[in-house]
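Since the structure comes first, as structure tokens, the remarks are kept for the end.
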Amino acid sequence: MFAKFAAVFVVALSVFTTSVVATPLPETGSDLVSRGGGFHSFNNWGGYSSLSNFDNFYGSSNFDNVQFSEKSIKIVKEKELVCHSQRIEIIQQRLLVLQEMAKRIITEQVCEVETQTIVFEQFHASLHGFSRDLRRFSGRQVGYDSGIVSHYGSIIGSDGSLSTNDFGFSGHDLGRSYVVPSGNNWGSRSFSSVGSAYKAARSAVASVLAVASSAIAGPIVDRRDASLNTTLLNVSPISFNQWGGLTSLVGFDDFFGVGNFNGLKNLQLVLAGQQNQVCQAQQAVLIQQQLAVLQEAAKQIILTQACDVQAQVLFLEQFRGGLRDFRLDLQRVSGRQIGFDANIAALLQQLVLTGGGLNIKDLGFRGVDIGKHLITPSGSVWNDDIDRSVQELLKLVAAQNQRK
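Throughout the sequence shown, residue numbering follows mature numbering (1 follows the signal peptide of the UniProt record, and there is no 0), covering -22 to -1, 1 to 382 in sequence.
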């Protein structure tokens, strides 16, 4: 356990050793350190039948869909969209709903912790590909797949339960119904400003993590130099209100609060009267499909409701930062309960209008509300053997994401 705490501090300290804003974190597919190369199959990994044909979704040796290229894209000409900037909390609300729904999908429909880890890491790593799109590193046009997004309304059944239907697509279909919204502010100087926004966002995530880690890793903190503890705990929070002079970022910090970029500091309140959910294991492909729909929906929201690319990057990194917190939950490092906010996840069906357009009404919550209605599905088991198994699994996942 100490080793995992130490890994948390390595990430945080890499940011604080010189400058909170100026120093980027390592650029990797899943923010994990690779321990070796070579393709590793996750089909039936660990003997789990829930992982049958896992590799088929994106294809062998394509764990995080890094092989998705411009050649894979077929733009839907009849769907020409121009972004229309919405109020900042509208975008943040919608991404948080997607985040909590992703947690629900993983905790309700996957019972083995190892499988939870694999499907989560694939989802999170594929979002890194979108980050590279936004920063114009991938060589791909920046868009989303409208065909995959069209399954959005099928994730939840009429009774509020998660669907167990096969949506009939795989990761190979990504890009076949591609929509590229126009109207953003990308220009000749955007590489620099967008890169700065990305570094600042990553630093904000690490600063929250460093402070939170100091609260749960007492033995590690006790062995560090006292002056270092003071440095970690007294770093000034990074504000993104009107960051870079962008009026589209007015009120950005209000959603989670200053110094709480991705909500890691939020308290949790378990709904004792509603703890009747027991995970019901589904095949990996069904989980992969549902998470792919959420992924493309996140792209649609960011690209059509924020027109400043710098703001698009900040929204995505805040979204990915919240998912990183869930990674710590799954690894039993955060000290928090493993679950999802039922009230926020339940708003999924309100994000899209009957005609398929995005709903822009205020959903009536802020980031500080996350965790106030926590559901923690039971049925998964954690012990020392599983801990070791998950750590080995993370090394394999890291190796896949480094093969670029």
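Don't be surprised by glycine CBs; every beta carbon is placed ideally from N, CA and C. From a predicted model like this one, the values you see are computed outputs, not experimental measurements.
- prompt: So Ala270 and Ile126 are in contact, right, with Cβ under 8 angstroms, and what is the actual spacing, rounded?
  reply: Between Ala270 and Ile126 the beta-carbon gap is near 6 angstroms, inside 8 angstroms, which marks them as a contact.
field: Asp200 to Glu90 span [Cα, whole Å]
entry: With a pLDDT of 37 at Asp200, under the threshold of 50, the predicted position of this residue should be treated as unreliable, and no value is reported.
message: Does the region 263 to 282 come into contact with the region 114 to 126, if we say contact requires no fewer than three beta-carbon pairs (one atom in each stretch) closer than 8 angstroms?
response: Contact between the region 263 to 282 and the region 114 to 126 is present, with at least three C-beta pairs closer than 8 angstroms.
- prompt: Which class does Phe35 belong to by DSSP, given the choice of helix, strand or coil?
  reply: Three-state DSSP puts Phe35 in coil, outside helix and strand.
task: Kindly provide the ranges of any alpha helix (DSSP H) runs that are 4 or more residues long and lie completely inside the region 215 to 292, ordered along the chain.
output: Assignment of alpha helix (DSSP H) within the region 215 to 292, counting only whole runs of 4 or more residues, yields 262 to 283 in chain order.
field: Assigned secondary structure, Val311 (DSSP; H/G/I helix, E/B strand, else coil)
entry: When secondary structure is reduced to three states using DSSP, Val311 falls in the coil class, being assigned neither helix nor strand.
task: List the whole-angstrom C-beta distance separating Thr142 from Leu264, where the pair is believed to meet the contact cut-off of C-beta under 8 angstroms.
output: Indeed, because the Cβ distance is near 6 angstroms, the residues count as touching under 8 angstroms.
message: Restricting to Cα atoms, I'd like to know which of Cys61, Gly146 and Gly138 is closest to Gly161.
response: Put simply, of Cys61, Gly146 and Gly138 the residue whose alpha carbon is nearest the alpha carbon of Gly161 is Cys61.
field: Ser171 - partner residues in DSSP beta bridges
entry: Answer is none; Ser171 lacks a bridge partner.
field: alpha helix (DSSP H) segment containing Glu58, residue limits
entry: Per DSSP, Glu58 is not a residue of any alpha helix (DSSP H), being assigned neither H nor E.
- prompt: Going straight from the alpha carbon of Leu227 to that of Gln288, what length do you get?
  reply: Their Cα atoms are separated by approximately 9 angstroms.
query: Under a Cβ-count criterion, where at least 16 other Cβ atoms within 10 Å of its own Cβ denotes burial, should Lys339 be classed as buried or exposed?
result: By the neighbour-count rule (16 or more Cβ atoms within 10 Å), Lys339 is not buried but exposed.
field: Sheet register partners of Leu140 (DSSP bridge)
entry: Beta bridge pairing from DSSP links Leu140 with Ile134.
- request: Could you name the residues of the same chain whose beta carbon sits closer than 6 angstroms to that of Pro215, not counting the 5 residues immediately before and after it, in chain order?
  value: These residues qualify, in order along the chain: Val236 and Gly237.
message: Tell me which residues share the same chain as Val291 and place their Cβ nearer than 8 angstroms to its Cβ, disregarding the 5 neighbours each side in the sequence.
response: If we look at Val291 and ignore the five residues flanking it on each side, its Cβ neighbours are Ser109, Leu112, Arg113, Val172, Ala175, Tyr176 and Ala179.
task: Measure the Cβ-Cβ separation of Ser19 and Ser50 and say whether it is below 9 angstroms.
output: With a cutoff of 9 angstroms on beta-carbon distance, Ser19 and Ser50 are scored as not near each other.
- request: List the residues that DSSP assigns as beta-bridge partners of Ser27.
  value: BP columns for Ser27 are empty, so no partner.
message: By alpha-carbon positions, which one of Asn337, Ala182, Gln64 and Ala377 ends up nearest to Ser217?
response: Out of Asn337, Ala182, Gln64 and Ala377, Ala182 has the C-alpha closest to the C-alpha of Ser217.
message: Only counting the same chain, and skipping five residues up and downstream in sequence, which positions put a Cβ closer than 8 angstroms to that of Leu294?
response: By the criterion of a C-beta distance shorter than 8 angstroms, Leu294 is surrounded in its chain by Leu105, Phe108, Ser109, Leu112, Ala276 and Ile280, once the five residues flanking it on both sides are discounted.
Val330 (DSSP reduced to helix, strand or coil): Residue state, collapsed to three classes: strand.
query: Relative to the C-alpha of Ala320, which residue among Asn219, Gly138, Ser155 and Ala262 is closest?
result: With distances taken between Cα atoms, Ala320 lies closest to Gly138.
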